[in-house]
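Visitor: Structure below; questions to follow.
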Ligand code: 5AD
Ligand code: SF4
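Residue numbers (my numbering): 7 to 493.
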């Protein structure tokens with residue numbers, strides 16, 4: 007891959023990184039001083055809202071805090087609490103405001119407590135205005151584009167009592183070398199690109215995450231190699247629209263080409279990715295997935311609606327016929343693949359007939375699962391100013407109709423593998439049943455079976471005995487796992 011060139015000013019990104027490591031040293035000093043005053047290490051909690059990309063960003067926030075000497079906790083009573091927010095739907099914003107009230111009460115009992123907010127919601131001017139006016143107890147606010155400056159912002163926050171607000175409109179930088187505190191030792195998300203250029207008419211993401219920027223293949227491969235050396239067996243390549251990965255690099259690379267390079271990394275067992283836009287999913291990608299031993303048998307392919315009229319108003323740039331043809335092509339090439347989707351119900355002007363089209367598409371596509379969302383009016387998006395916003399009652403009724411169709415199809419699809427023996431990556435102890443563990447099939451379905459903590463992080467063969475709707479109960483078998491992969 008040596009012919010790929012860095013497109014950004016890599017030297018300047020590296021220099022910036024050194025600046026941030028310098029700030030971490032300074033924060034460490036402040037945290038040490040605080041420890042003496044408190045007679046204990048100060049605690050910090052990172053609370054995440056939203057998608058996998060936010061979860062990955064939170065691992066960086068945690069990494070910095072831990073490196074600076076904080077003891078990490080999930081308890082919001084911590085001395086430093088940061089909410090990494092989401093703004094895709096309004097209920098996420100409302101939850102943040104609600105919980106800020108609770109944090110305020112905690113702060114009254116512990117005046118030294120610091121409260122920080124970051125993430126997508128902070129990129130909205132109206133939110134900042136409201137926080138300034140009514141939430142003056144918040145200490146630090148920053149957005150999505152300057153997360154790499156977290157050590158510097160943390161230093162400013164810990165050494166001042168002022169409310170610090172630092173929001174940028176955009177950035178061309180990708181600084182990805184902050185320390186990371188991974189949630190799982192054996193699997194990890196990797197950002198391969200940031201932002202989105204699609205401007206679906208309902209979606210706020212392009213406004214809060216900025217334009218598409220891809221990391222170079224070298225950076226990505228280097229990060230994955232070091233994760234694998236550290237015990238990671240599964241990676242999830244993350245981007246708002248991974249299918250357009252690499253287009254804006256100086257030497258264009260396709261997502262399929264990147265996957266082929268990732269596949270070559272020895273010791274890596276599973277590759278996942280998220281999210282695919284149907285209009286950009288190439289035949290090349292299907293071909294690469296078909297022949298891959300490591301790319302998981304799962305694709306998340308958000309459809310949003312089954313009505314051509316609504317798809318057009320959503321600016322999705324495909325028709326239901328094109329979408330279904332794509333599903334057919336994928337299923338023909340990779341028969342054991344599971345396909346999941348996102349659906350929005352209640353888009354402005356959506357009629358009962360439009361919803362009928364969505365339900366018919368759900369049945370035809372035979373989704374293994376679907377996330378169904380009620381349309382949320384996001385200020386600043388084109389859909390928010392469409393005149394025909396729908397009444398809540400009507401939308402709820404339509405939502406329930408779609409949900410029923412999704413559940414029926416998903417139940418039927420999930421049951422397909424009963425009686426098969428499949429490799430399962432064991433992820434955790436089962437919280438409900440002692441002596442059991444929980445893991446994931448390649449197609450992303452959950453499996454529970456008898457086992458202990460020594461299995462966590464390993465891929466083991468499990469016979470799928472019974473399907474319980476959306477998950478399986480299984481039994482670990484002693485077969486050699488390599489035999490399974492050969493078949
Ligand atoms: N209202 C409801 N759902 C939305 N999504 C994005 N924007 C909105 C909105 N305004 C959903 C889409 C997307 C998923 C991540 O969130 O289905 O695929
Ligand atoms: Fe939003 Fe559409 Fe971009 Fe997805 S592809 S992040 S739905 S604008």
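Where a beta carbon is used, it is the ideal one built from N, C-alpha and C, also for glycine.
When the Cα atoms are used, what is the spatial distance from residue 392 to residue 132?
Guide: Cα to Cα, the separation comes out at about 20 Å.
Visitor: Just to confirm, are residue 210 and residue 171 a CB contact at a threshold of 8 Å?
Guide: Going by C-beta atoms, residue 210 is not nearer than 8 Å to residue 171.
Visitor: Distance check for residue 395 and residue 12, CA to CA, integer angstroms please.
Guide: Its pLDDT being 38, under 50, residue 12 is placed unreliably by the model, and nothing is read from it.
Visitor: Go through its chain and collect everything with a Cβ distance to residue 412's Cβ below 7 Å, but skip five positions before and after it.
Guide: Cβ within range, chain order: 368, 373, 376, 378.
Visitor: List the residues that DSSP assigns as beta-bridge partners of residue 482.
Guide: Partner(s): 468.
Visitor: For the stretch 70 to 87 against the stretch 31 to 40, do three or more pairs of beta-carbon atoms, one drawn from each stretch, fall closer than 8 Å, so that the two count as touching?
Guide: Yes: the two stretches touch, three or more of their Cβ pairs being nearer than 8 Å.
Visitor: I'd like to know whether the C-beta atoms of residue 264 and residue 245 end up nearer to each other than 8 Å.
Guide: Not a contact, by the Cβ cut-off of 8 Å.
Visitor: What do you reckon, is the C-beta of residue 100 under 7 Å from a heavy atom of ligand 1?
Guide: No, the beta carbon of residue 100 sits no closer than 7 Å to any heavy atom of ligand 1.
Visitor: Note down the Cα distance separating residue 449 from residue 198, rounded to an integer number of angstroms.
Guide: In a straight line, the C-alpha of residue 449 is about 22 Å away from that of residue 198.
Visitor: On the three-state DSSP scale, how would you describe residue 302?
Guide: Note: residue 302 maps to coil in three-state DSSP.
Visitor: For the beta strand (DSSP E) containing residue 281, list its first residue and its last residue.
Guide: No beta strand (DSSP E) holds residue 281; DSSP gives it neither H nor E.
Visitor: Less than 7 Å between the CB of residue 283 and some heavy atom of ligand 2, yes or no?
Guide: For ligand 2, at least one heavy atom lies less than 7 Å from the Cβ of residue 283.
Visitor: Could you pull the start and end residues of the alpha helix (DSSP H) that residue 327 belongs to?
Guide: It spans 326 to 339 - the alpha helix (DSSP H) in which residue 327 sits, taken as one unbroken run.
Visitor: Where in the stretch 419 to 453 do unbroken runs of the alpha helix (DSSP H), each at least 4 residues long, occur, reported from the N-terminal end onward?
Guide: The stretch 419 to 453 contains no whole alpha helix (DSSP H) run of 4 or more residues.
Visitor: Pull up the CB-CB distance for residue 226 and residue 180, whole angstroms please, since I reckon it's below 8 Å.
Guide: Contact flag wrong, Cβ pair sits at about 11 Å.
Visitor: Going by Cα to Cα distance, which pick from 108, 266, 438 is closest to residue 143?
Guide: Nearest of 108, 266, 438 to residue 143, Cα basis: 108.
Visitor: Between the Cα of residue 53 and those of 61, 47, 445, spot the shortest distance and give me the residue it belongs to.
Guide: Ranking 61, 47, 445 by Cα distance to residue 53 puts 61 first.
Visitor: Look at residue 82 and residue 106 and say whether their C-beta atoms are less than 8 Å apart.
Guide: Not a contact, by the Cβ cut-off of 8 Å.
Visitor: Using 8 Å as the threshold, is the stretch 149 to 164 in touch with the stretch 283 to 292, meaning 3 or more CB pairs across them?
Guide: Verdict: no, contact absent.
Visitor: Considering only DSSP beta bridges, list what residue 316 is partnered with.
Guide: According to DSSP, which records beta bridges pairwise, residue 316 is partnered with nothing at all.
Visitor: Applying the criterion that 16 or more other CB atoms from any shown protein chain within 10 Å of the CB defines a buried residue, is residue 156 buried or exposed?
Guide: Per the 10 Å Cβ criterion, buried.
Visitor: Quick one: Cα of residue 88 to Cα of residue 65, how far?
Guide: Computed Cα separation, rounded: 12 Å.
Visitor: Let me check one thing: in DSSP terms, what residues is residue 242 bridge-paired to?
Guide: DSSP lists 195, 278 as partners of residue 242.
Visitor: Mind checking who residue 389 pairs with in its DSSP beta bridge?
Guide: Per DSSP, none; premise fails for residue 389.
Visitor: Pull the bridge partners of residue 52 from the DSSP assignment, please.
Guide: DSSP lists 88 as partners of residue 52.
Visitor: Have a look at residue 408 and residue 337 and give me their C-alpha separation to the nearest angstrom.
Guide: Their Cα atoms are separated by approximately 23 Å.
Visitor: Going by other Cβ atoms of all chains shown within 10 Å of its Cβ, with 16 needed for buried, is residue 50 buried or exposed?
Guide: So residue 50 ends up on the buried side.
Visitor: Specify the secondary structure class of residue 379 as computed by DSSP and reduced to three states.
Guide: Residue state, collapsed to three classes: strand.
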